[in-house]
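Numbering (the UniProt record's numbering), first residue to last: 1 to 635. Cβ coordinates follow ideal geometry from the N, Cα and C atoms, glycine included.
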Amino acid sequence: MCDPAVSSFLTQTLCAHGGRLGLRELQENVGLSALQLQDTLSAAGPRRFLLLEGGQVVLAVTDARVCVRKECDGCDRLHLCKQHLMGRCHLGPSSCKYSHDIMNAENKKVLKNHDLSGLSENELQVLLLQNDAFFLPDTCQLYNKKGCHCKHQSNCNKLHVCYYFLKGKCKFPQCLISHNLLDDHALRLLETVGIDGKIASNFQAIYDYKHVEFNRAPKKVYGKLQETVVLIMILSLIEVETVLALPPKSKTRENQNRTCIFSTLRLSLLGFGISNENRVLKTRGVCFCSLIKKSNIYIYYIYLYIYIYIYTLPNLIERTPVVVLVWTSTTSPSSAVIENLYQADPCAIVPFQAGQHQYELNFKEMIQTNTHFKTRRQVCRRPKFVSPEDVQKIKTGQRDSSIPNQSCPSHWDASALPDFGYKAVVISNTTSEYNEIKQLFHQTMKNYSILKIQRIQNPSLWKVFQWQKEKMKKENGGKEVQEKRLFHGADVTFMETVCSQNFDWRICGSNGTNYGKGSYFARDACYSHTYCQSTLQGHSMFVARVLVGDYVKGNAAYVRPPMKCAAKLWLYDSCVDNEFNPAVFVVFEKHQIYPEYIIEYREERISVQKDTGISVQKETGTRVSREEARKCVIS
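Written out as structure tokens, the structure reads:
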């Protein structure tokens, strides 16, 4: 399982570029090293990111689907107008019987369940078109039922493609009915419904993979059920070449029911920090001629010994594909995530899925339990591999990447760094950090006293914020991106959501759309104060780091910034109220924001004397004039 914020960011990047990118292009867009990106994609798995061409091309994948029912009382699918998503609905949202709003309450819940909350309508359109067969033209029944014969032939207005292939359930590895969506007839039909060749190619690749996986799944066997211990490993790529050897020359009755399997394994352990010369293990062929005793497969990665035993009867063993190029993780979450969960709570019990089985992992007892069969197995933690090259880098203080997001800020509290979510750390009022934020706040809020300032430590959001900063810098020709500390007044009920998942005006609501439909931030605290909810303790306000970049005056109709360079399809980074002296900033991309601090404050009690223009001493021991007491903006 990958961090949801990171998965969403990668999916958004891919969909913004047509649903697929080369691995190197994706790396450049998100600002990650090759090793980091491989680990992230591997942890997310092929149900989120599909690797093609030997792992050099990445496709965005999702299980999210649009509901196909004309009447639905509620299900776990998106309820949207199919024609609207394809840009072909002429009725408009008021006349159409189907929803045009991707962010209504039902759809927001579905998108959140699939970690797609941050996608725009155009990005969601790309993702659904290359994953959901609902958007394709109908398949030809005559072609499917009459042995690939249709009387209309090339004039048929329906797809001559296997119906079950598009359902992901074709049982024939070498199906006689076409699985090709890229022939002339199919492409012509797809273009009539608004699906271009690139999206069709992406769809073809995703469903080809599903077809292979569906037919690779274990079939039912008689006798004892096959049971598999699934290993929790951080493996990015694996090449396995399997050759089924000829049966032994002996013709005895005993040997007739045995199968001899010869396997050659080459493991590329990307993700362990292993150097190039050590990534390919020494190849060794092993012949197992006695498969009668039931048992299982164990791989001990500390010593790299392999023990293989089989539960099923010898004559039920099926041939495996001759060449398998990509290791497909069958566990969720991955080893890296489980290690993070262990670090967070060494006594926790973590549920996870491996293949078709559900398990619970008890950290305290180090026991893995199958929740259905109740079988229990001991597990152990493996030391992280550190190569000699890594040791030298650590000694010399070198880093694997120049990207400035390898670690959290140095002033963060190292004892409060969660693997997921956030920690709020109260800042001492004697530190320079506290005084810096206090000074910024009191520039326009002099008559309010600060109760406390909390620093929000969310490593996941910080990492994505740094990736976005690096991406914007590259798009800007290497020039530094303009970054500001700005204020945001929010409802206290949404503060925890913001700290955990970042700002999102569609979820938290918006207090104004004068300059566009986005998240609003203010240069002056007094402006944001007008949107702060009052409580018995006082008020709370965010101080956020915002990548404002290049900005332009906003408009209420904007749902994203306008074009900055039409030739390169570049957009402005944000919108403002005034280009020459901006006080209000509107940001449409949440990855450009990091919620850095929460200020809790209250109004000071000021008593103004009747005879003079001088007030009595305040609680903090300072003195202000009557006029200054009236200047504070209060709504």
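Own chain partners of residue i with C-beta closer than 6 Å, once the 5 adjacent residues on each side are dropped
i, result
"L142", "C150"
"R376", "I367, T369"
"E106", "H79"
"N362", "I349"
"Y164", "C170"
"Q533", "D491, V492"
"P93", "H100"
"Y342", "F363"
Beta-carbon proximity check, residue i vs residue j, cutoff 8 Å
i, j, result
"Q83", "C89", "yes"
"R65", "L78", "yes"
"H211", "H179", "yes"
"L181", "G197", "no"
"Q155", "L59", "Looking at the sequence shown, residue 155 is not Gln but Asn. No."
"F135", "L127", "no"
"Q169", "D138", "The sequence shown places Lys at residue 169, rather than the Gln named in the question. No, these two residues do not count as a Cβ contact at 8 Å."
"K590", "N502", "yes"
"H372", "Q358", "yes"
Proximity winner among the options, relative to residue i (alpha-carbon distances)
i, options, result
"Y490", "F542, G518, T13, K198", "First, the amino acid is wrong: residue 490 is Ala here, not Tyr. If we check each option's Cα against that of A490, F542 comes out closest."
"A525", "W570, I593, I599, C575", "I599"
"A557", "Q466, S528, V110, G518", "G518"
"E53", "L21, C15, Y422", "L21"
"H100", "H114, T369, E121", "E121"
"L14", "C2, A348, T62", "T62"
"S540", "R216, D419, Y597, P383", "Y597"
"M103", "D504, F165, K171", "D504"
"Q466", "K109, C140, L32", "L32"
"F352", "L111, S335, S42, P346", "S335"
"E365", "P346, Y359, P173", "P346"
"S8", "Q356, L41, D208, E25", "L41"
"C140", "H114, L189, L26, Q130", "L189"
"C81", "C72, D73, K97, E71", "K97"
"I206", "V498, Y448, S387, G19", "G19"
"F214", "I199, A200, Q356, L111", "Q356"
"H529", "R216, I338, F487", "F487"
"Q130", "Q204, R216, D184", "Q204"
"E579", "G549, E603, E604", "G549"
"C162", "P173, N144, K109", "N144"
"P173", "D183, I199, R216", "R216"
Same chain, Cβ closer than 8 Å to residue i, five either side skipped, listed in chain order
i, result
"K167", "A133"
"C148", "H160, L176, I177, S178"
"H411", "E433"
"W570", "E475, M563, K564"
"L417", "C408, K423, Q457, P459"
"I338", "I232, V350, F352, L361"
"S428", "Y434"
Chain-order list of residues whose beta-carbon lies under 7 Å from that of residue i (same chain, five-residue window excluded)
i, result
"Q12", "G118, L119, E123"
"T444", "D524, A525, C526"
"A5", "S460, L461, V464"
"G194", "M86, G87, R88"
"L547", "Q468, K469, M472, V481, E483, D573, Q592"
"K474", "E28"
"T535", "V492"
"H185", "S154, H160"
"I302", "Unreliable positioning characterises I302 in this predicted model, as indicated by a pLDDT of 34, which lies under 50. The coordinate reading is nonetheless provided below. So the list reads R382, once near-sequence residues are dropped."
"A16", "E123"
"A34", "Q27"
"C72", "H79"
Assumed close pair residue i, residue j - CB separation to whole angstroms, cut-off 8 Å
i, j, result
"Y515", "D577", "6 Å"
"C575", "P561", "6 Å"
"V584", "A522", "6 Å"
"Y601", "D573", "Going by Cβ atoms, the distance from Y601 to D573 rounds to 30 Å, so no, they are not a contact pair."
"G554", "V586", "5 Å"
"Q56", "L23", "5 Å"
"F420", "D115", "Actually they do not touch by this definition, with Cβ atoms about 13 Å apart."
"L26", "Y209", "The Cβ separation is near 18 Å, so there is no contact."
CB contact below 8 Å: residue i versus chain C
i, result
"K564", "The displayed structure is made up of one protein chain only, and chain C is not part of it."
Contact the region 473 to 480 vs the region 436 to 444: 3+ CB pairs below 8 Å
no
Could you tell me whether the region 451 to 461 touches the region 411 to 430, where touching means 3 or more Cβ pairs closer than 8 Å?
yes
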